[in-house]
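For the sequence shown, full-length UniProt numbering assigns the number 1 to the initial residue and increments by one for each residue that follows.
All C-beta atoms, glycine included, are put in the ideal place defined by N, C-alpha and C.
Contents: one structure, followed by commentary.
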Amino acid sequence: MKAMVLHAPGRPLALEERPDPRPARGEIRVRVEACAVCRTDLHVVDGELPRPALPLVPGHEIVGTVEQVGADVVALAPGRRVGIGWLGHACGHCPYCAGGRENLCDDPVFTGYTRDGGFATHALADADFAFPLDGFDDPVAAAPLMCAGLIGWRSLVAAGPARRVGLYGFGAAAHIIAQVCRWQGREVYAFARPGDEAAQALALSLGVEWAGGSDERPPAELDAAIIFAPVGALVPAALAAVRKGGRVVCGGIHMSDIPRFPYALLWGERELVSVANLTRRDAVEFLSVAPRAGVRAVTTVYPLAEANRALDDLRAGRLHGAAVLVP
């Protein structure tokens with residue numbers, strides 16, 4: 001197999017040849033058809049998330065075909081297309097798992113962070129955390145759904161029954177969940193980097209009510225806002241944009257420090273909450289909703305060997321939609 005490997009944070013990934021991995025009990029080996037590039041991959045590669053399992057193959061938005069199964073795997077057979085996301089395993093017995101909150105597991109495994117991921121031609125996965133993608137015929141279009149879509153969905157659920165929703169950071173997650181919002185009959189207000197007219201144009205093409213810079217105020221009070229950009233300064237901006245009783249959801253795994261802000265921005269029973277990881281139930285729910293909502297991911301395809309270029313383009317803000325690596 002071939003893989004793009006991280007040997008130290010801050011260094012470019014190296015293309016390497018490795019033996020094909022053998023699935024252990026309960027595991028599957030997947031031939032990777034596509035793996036989207038997530039901002040979390042940047043946080044791992046750039047050293048903003050501590051203690052990655054080096055040397056590491058990043059990537060956790062994987063779509064592939066089951067090639068080999070380990071002992072005790074009965075639900076998935078060779079030839080079936082599956083998706084693999086960020087949560088690669090949960091212990092199943094800690095208080096969070098027992099309470100239905102496996103996203104907060106005390107002893108988790110994360111794909112592309114604490115175990116090798118999908119920037120490769122092959123990947124191993126826990127069969128219980130791989131999701132059948134029957135009916136998803138385009139692996140490139142399906143790959144961003146496995147994290148950008150899932151985290152977007154969990155964030156939207158956390159936002160509650162808001163009619164007017166603001167999306168800060170109009171990238172991979174926002175452009176997917178904006179389509180779900182429109183299908184649900186919500187109004188969407190899109191906030192992109194100041195001056196990023198291409199991102200604003202993409203938002204408008206998806207039917208949002210308004211698109212502008214993240215330094216602007218929307219033309220109407222929001223019921224809720226979701227922050228996908230890893231920029232702490234957007235928290236007080238979003239709080240200022242939501243009505244009394246509104247909610248601001250932080251949807252990223254990493255964010256720069258939140259600056260001091262006056263209590264008046266939080267007063268009025270405004271709420272500030274975060275979303276951490278995801279659950280398998282999130283995947284089941286969203287993968288049912290996405291086809292009915294007609295979700296279409298906007299993608300830019302890169303060969304596997306050009307993973308560093310894809311990461312650079314994401315880091316520099318040159319991407320609109322999602323980057324996808326294809327072996």
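Scanning the segment 89-163 for uninterrupted beta strand (DSSP E) segments of 3 residues or longer gives 122-126, 130-132, listed from N- to C-terminal end.
Annotated as proximal: residue 158 and residue 273, with beta-carbon spacing under 7 Å.
Non-local C-beta neighbours of residue 169 in its own chain, meaning closer than 6 Å and more than five positions away in sequence, comprise 228, 229, ordered along the chain. Annotated three-state conformation of residue 243 is strand, per DSSP. Taking residue 194 as the centre and dropping the five residues before and after it, the same chain places the C-beta of 213, 215 closer than 6 Å to its C-beta, in chain order. Look at residue 274 here: in three-state DSSP terms it is strand. Boundaries cannot be given for residue 261, as no beta strand (DSSP E) includes it and DSSP labels it neither H nor E. Residue burial is scored here from C-beta neighbours: residue 284 has fewer than 16 other C-beta atoms within 10 angstroms and is therefore classed as exposed.
With a cutoff of 7 Å on beta-carbon distance, residue 297 and residue 78 are scored as not near each other. In this structure, DSSP gives residue 176 a helical state, which the three-state scheme calls helix. About 11 Å separates the CB atoms of residue 171 and residue 191; that is not less than 8 Å, and the two are not in contact. Taken through DSSP and simplified to helix, strand or coil, residue 327 comes out as coil. C-alpha of residue 246 to C-alpha of residue 219: approximately 16 Å in a straight line. Between residue 248 and residue 264, the C-beta spacing is not below 7 Å.
Burial state of residue 27 is buried, judged by a 10 Å Cβ sphere holding 16 or more other Cβ atoms. Nearest to residue 256 by C-alpha distance, out of 235, 240, 268, is 235.
Between the alpha carbons of residue 121 and residue 223 lies a distance of about 44 Å. In the three-state reduction of the DSSP assignment, residue 191 falls in the strand class.
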